[in-house]
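First residue of the sequence shown: 3, per our numbering; consecutive thereafter. Each residue gets a CB set at the ideal place from its N, CA and C atoms; glycine is no exception. As the structure is a prediction and not an experimental result, all values here were calculated from the model. The structure appears right after this line, and notes come after that.
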Amino acid sequence: MRRALGVPAAILLAGILSAQSAPVDDPAARFASEIRPILESHCIRCHGDKKQKGGVDFGRIATGPAALKERKLWKKALVQVEQGEMPPEGEKPLTLEQKAALTAWLRSAASYVDCADPAERRPGPPVFRRLNRTEYLATVRDLTGVTQDVAAEVGMPEEATGTAFDTSANGLVLPPALLEKHFAAAELILERMKPLKGDSPRAIVAAFAKRAYRRPVAADELDRLMALHQRGLSRGEPEAKALRLPLKAVLVSPHFLFRVEREQAGTKPVLIGGPELAVRLSYFLWSTMPDEALAADAEAGRLSDPAVLEGHVRRMLAHPKARSLTMNFATQWLQLKKLDAARPSTEFFPTFNNKLKQAMRDEAITFLDKMREEDRSVLDLLDSDYAWLNEDLAKHYGIAGVAGKEFRRVALKPGDHRGGLLGMGAILALTSHTSRTSPTLRGKWILESIYGTPPPPPPPDAGTLKEQRKKGEEPKTFRELMAQHAVQPACASCHRRIDPLGFALENYDAVGAWRDKADTAAVLPTGETFDGIAGLKQVLLKTRDAFVRNMIEQMMAYALGRDVVDGDECAVREIQAAVEKSGNRFSAIVIGVVNSVPMRYRKNADLKE
């Protein structure tokens, strides 16, 4: 089970995440001693035996075991408390200590599972997903040797899954218009690929289909493909042209365009092995089909050996193809695509250009990619004594001694004000406006990407940042304007936890350059104070468990093609324990995800969670 934070750290994390802290160790035992008294003093008058506002009755919940059966109720209560809606205005407020204790308990109770119970180890909902654009092009490359972007040439649209990752099954469907594009792309691929070699047309098609489908091909499937070949010959087409018919059929088949996992007999979740596990592993780490070594061990059943499986994971992580993991995962997890839309004002930032913007993006991806290559601690993302820079970026940061276009590791001095994600120009620029910084956008990014706890969208009546100045008054500073906006009832609860994180980054301008004169003092809702990037990094490191857990959940979502759900809780805890034991190594997260129940098992579509 995940280790709870100590009281000071729990209260600190509560301030950052609107009283979110690590799960408590035994929520059932602590209900009677800590939580029931809070409910009686602050909640039962409106949500008890005599009155049940909103249909909520806390009075009927008398014991810890009974409380743990109310997950949905505690989820609802957690949202209300986090957003400052409960207790409501006019009622006795919670003290900081009560809010920290209550929300820590609510978070545990809302997701409570007994990991000693085998029934709680569930593989999660099954997914059926098309190869996304990145996966499709990489698979075409490895299958046929065609390296051109045929998707762009035929006008395939960019992926729009509506989720954090483009690996999510929710958006990876195949509408008729896209299928037409795949037919056109198949024609281009067949025109450009080198002739295939084999003892006979049947042998050629069999080998091609096996690799394309990422599994053995049944005799009846091969017969249907060869019937297309025979049809071409019967029309008098030359052998080469007739052979293109079954090959094209393969390239537009659902067995190529989708990651198909066949239904299993019975109703219980089953352990995935062989080709299906190889496909899950290969698309997770490489965004492409299994190579010969992985496919051979999969077909021989050797991936069931934990040592063989881990050997493949480490081999694949060390391969250049694994850059696709860090590039695709980092780009989406860290929201780097938003950098494309950044348009800093040339009036205020004349040195900013597309070349510098690309260098900023490359810095973030290179940092994570080198973390993979060197298997470093993921806590380096919170703070590090090094950076990966080229000359343009180093000059922008005011760091001397870096020459050339290539990125290289640069040891940082305390006065360089860099290290970790929050010192990177990409993060600072994508969270800014055209002519100024945005503490709110920066704080929101930290909550979303570092902690995985995005604030709710602003209410319709939140309004905009407007100065309300009386005649004769001096213009307000940006911090004063934010404070004026944040006192509005519709805005206050969120801004109390968002803005302090962003104000700590005010030494960085809208393009991530350092500026000495800035008010960077910050106060958390708990009353705890810190100052500037150095103080913020200390806050992040004190709450490192929340960051590591979020990174695990983000990587699980990327690998599984779906959101992390309650049934994954035991897997997340087990992975986090192993990651902590490893010294928070990058590889430990990857290996943990690969070995987890959601990754190794599947259930039939008709089974319910």
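Query	Result
On the DSSP bridge assignment, give the partners of VAL272 in chain order.	ARG604
Taking ARG73 as the reference, give the member of ASP51, LYS101 and LEU108 with the closest Cα.	LEU108
Using the three-state DSSP reduction, which class does SER202 fall into: helix, strand or coil?	coil
Assuming LEU503 and ARG444 are in contact, meaning their beta carbons sit under 8 Å apart, how far apart are those beta carbons, in whole angstroms?	7 Å
Taking the alpha-carbon of ALA112 as reference, which of LYS71, LEU235 and ALA179 has the nearest alpha-carbon?	LYS71
Would DSSP call MET3 helix, strand or coil?	Interpretation of MET3 is limited by its pLDDT of 35, a score under 50 that renders its predicted location unreliable; no figure is taken from the coordinates.
Cα-Cα, which of ASN552, LYS212, LEU424 and ARG237 is closest to PHE258?	LYS212
How far does the beta strand (DSSP E) with ARG411 in it extend, from its first residue to its last?	410-413
By how many angstroms is the C-alpha of LYS605 removed from the C-alpha of VAL599?	11 Å
Compare the C-alpha of ASP387 against each of GLU393, LYS372 and ALA413 and name the closest.	ALA413
Tell me whether the beta-carbon of THR436 lies closer than 8 Å to the beta-carbon of ARG345.	yes
Output the distance between the C-alpha atoms of THR328 and PRO177, rounded to the nearest integer angstrom.	29 Å
Identify the residues that DSSP records as bridge partners of HIS49: which are they?	GLN54
For ARG194, I'd like the list of residues in its chain whose CB is within less than 6 Å of its CB, leaving aside the five on either flank, ordered along the chain.	VAL148
Could you pull the start and end residues of the beta strand (DSSP E) that ALA523 belongs to?	523-525
So, do the region 244-255 and the region 184-194 have three or more beta carbon pairs nearer to each other than 8 Å?	yes
Is the CB-CB distance between VAL115 and CYS496 below 8 Å?	no
So does ALA389 have its beta carbon nearer than 7 Å to some heavy atom of the ligand SAM?	Absence of the ligand SAM from the depicted structure is noted, as is the absence of any ligand whatsoever, leaving it without description.
Taking the beta carbon of PRO277 as the centre, do at least 16 other beta carbons fall within 10 Å, making it buried, or is it exposed?	buried
From this set, LEU279, ARG143 and LEU384, which residue's C-alpha is nearest ALA297's C-alpha?	LEU279
Hey, would you say ALA579 sits closer than 8 Å to GLY534, going by beta carbons?	no
Using the C-alpha atoms, what's the distance from PRO218 back to SER236?	28 Å
Which class does SER170 belong to by DSSP, given the choice of helix, strand or coil?	coil
ALA366 and ALA428: beta carbons closer than 8 Å?	yes
What does the Cβ neighbour count give for ILE591, buried or exposed, with the cut at 16 atoms within 10 Å?	buried
On the criterion of 16 or more Cβ atoms from any shown chain inside 10 Å, does ARG517 qualify as buried, or is it exposed?	exposed
Does the beta-carbon of GLN470 have 16 or more other beta-carbons within 10 angstroms, so that it is buried, or is it exposed?	In this prediction, GLN470 scores a pLDDT of 49, lower than 50, which makes its location untrustworthy; no coordinate-derived value is stated.
The alpha helix (DSSP H) spanning TRP516 covers which residue range?	From DSSP, TRP516 is part of no alpha helix (DSSP H); its letter is neither H nor E.
Assess, as a yes-or-no matter, whether the region 316-325 is touched by the region 281-293 under the definition of 3 or more beta carbon pairs within less than 8 Å.	yes
Would ARG1 be called buried (16 or more neighbouring beta carbons within 10 Å of its own) or exposed?	Residue 1 falls outside the range modelled here, since the chain spans only 3 to 611, and no answer is possible.
Pop quiz: GLY563 and ARG135 are said to be a contact at Cβ under 8 Å. What is the actual Cβ separation, rounded to whole angstroms?	GLY563 to ARG135, Cβ: 15 Å. No contact.
What runs of the alpha helix (DSSP H), each 4 residues or longer, lie entirely inside the region 309-371?	325-335
Using the C-alpha atoms, what's the distance from ASN552 back to ALA102?	20 Å
I believe ASP59 touches GLY50 by the beta-carbon criterion, under 8 Å. Please report the beta-carbon distance rounded to the nearest angstrom.	6 Å
With a 10 Å radius around its C-beta and 16 neighbouring C-beta atoms as the bar for buried, classify SER35 as buried or exposed.	exposed
Closest to PHE409 by CA distance: which of GLY400, GLN334 and ALA396 is it?	ALA396
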